[in-house]
Amino acid sequence: MGTAPKEKPTADFYSTMKELNAIGNSLNQIAKVANSKDFINVKAYEENVRKLNGFIIEIGKAAFTPERRGDKWLLQEFGL
(Lines of atoms letter the chains of each structure in order from A; the text may use other names.)
(Lines give C-alpha, C1' and ligand atoms only; values in the text may rest on other atoms or scores of the structure.)
Protein backbone atom coordinates (compact mmCIF):
# COMPACT_ATOMS: atom_id res chain seq x y z
CA MET A 0 0.00 0.00 0.00
CA GLY A 1 1.26 3.44 -0.87
CA THR A 2 0.60 6.90 0.39
CA ALA A 3 -0.23 10.12 -1.37
CA PRO A 4 0.56 13.56 0.01
CA LYS A 5 -2.32 15.86 0.80
CA GLU A 6 -2.76 19.19 -0.90
CA LYS A 7 -1.21 22.23 0.74
CA PRO A 8 -3.55 23.57 3.44
CA THR A 9 -5.39 26.81 2.75
CA ALA A 10 -4.45 30.16 4.23
CA ASP A 11 -7.41 29.73 6.59
CA PHE A 12 -5.76 26.65 8.06
CA TYR A 13 -2.58 28.56 8.86
CA SER A 14 -4.56 31.47 10.26
CA THR A 15 -6.54 29.11 12.50
CA MET A 16 -3.38 27.39 13.70
CA LYS A 17 -1.78 30.74 14.49
CA GLU A 18 -4.83 31.76 16.52
CA LEU A 19 -4.93 28.45 18.39
CA ASN A 20 -1.24 28.74 19.25
CA ALA A 21 -1.81 32.30 20.49
CA ILE A 22 -4.67 31.06 22.66
CA GLY A 23 -2.45 28.35 24.06
CA ASN A 24 0.30 30.83 24.84
CA SER A 25 -2.19 33.14 26.54
CA LEU A 26 -3.55 30.28 28.61
CA ASN A 27 -0.05 29.41 29.74
CA GLN A 28 0.66 33.01 30.75
CA ILE A 29 -2.64 33.26 32.62
CA ALA A 30 -1.95 29.98 34.35
CA LYS A 31 1.41 31.17 35.63
CA VAL A 32 -0.10 34.32 37.13
CA ALA A 33 -3.20 32.60 38.47
CA ASN A 34 -1.19 29.76 39.97
CA SER A 35 1.05 32.19 41.82
CA LYS A 36 -2.02 33.97 43.25
CA ASP A 37 -3.78 30.65 43.90
CA PHE A 38 -7.24 31.66 42.68
CA ILE A 39 -8.06 29.06 40.01
CA ASN A 40 -8.54 25.33 39.86
CA VAL A 41 -5.13 24.45 38.48
CA LYS A 42 -6.10 20.87 37.71
CA ALA A 43 -9.06 21.91 35.57
CA TYR A 44 -7.03 24.60 33.84
CA GLU A 45 -4.23 22.16 32.99
CA GLU A 46 -6.80 19.74 31.57
CA ASN A 47 -8.10 22.47 29.27
CA VAL A 48 -4.58 23.29 28.11
CA ARG A 49 -3.98 19.59 27.42
CA LYS A 50 -7.16 19.44 25.35
CA LEU A 51 -6.19 22.55 23.39
CA ASN A 52 -2.76 21.12 22.63
CA GLY A 53 -4.33 17.85 21.51
CA PHE A 54 -6.68 19.78 19.25
CA ILE A 55 -3.76 21.62 17.65
CA ILE A 56 -1.95 18.33 17.02
CA GLU A 57 -5.05 16.74 15.46
CA ILE A 58 -5.53 19.69 13.11
CA GLY A 59 -1.92 19.39 12.01
CA LYS A 60 -2.24 15.66 11.44
CA ALA A 61 -5.42 16.12 9.43
CA ALA A 62 -3.70 18.63 7.18
CA PHE A 63 -0.31 17.00 6.70
CA THR A 64 -0.59 13.21 7.13
CA PRO A 65 -0.62 11.46 3.75
CA GLU A 66 -3.66 9.34 3.04
CA ARG A 67 -3.17 5.60 2.66
CA ARG A 68 -4.20 4.21 -0.65
CA GLY A 69 -4.45 0.58 -1.65
CA ASP A 70 -2.60 -1.29 -4.37
CA LYS A 71 -5.58 -0.79 -6.68
CA TRP A 72 -4.99 2.97 -6.59
CA LEU A 73 -1.31 2.50 -7.37
CA LEU A 74 -2.15 0.33 -10.36
CA GLN A 75 -4.63 2.86 -11.71
CA GLU A 76 -2.62 5.97 -10.95
CA PHE A 77 0.73 4.78 -12.27
CA GLY A 78 -0.37 2.21 -14.81
CA LEU A 79 1.35 -0.64 -12.99
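Residue numbers (numbering that gives the first Met the number 0): 0 to 79.
All residues carry an ideal CB built from backbone N, CA and C; glycine is no exception.
- At a Cβ-Cβ threshold of 8 Å, residue 44 and residue 30 count as neighbours.
- Collapsing the DSSP output to three states places residue 64 in coil.
- Taking the Cβ atoms as the reference, residue 55 lies roughly 7 Å from residue 23, within the contact range of under 8 Å.
- Residue 65 sits away from residue 9, with the two beta carbons spaced by 8 Å or more.
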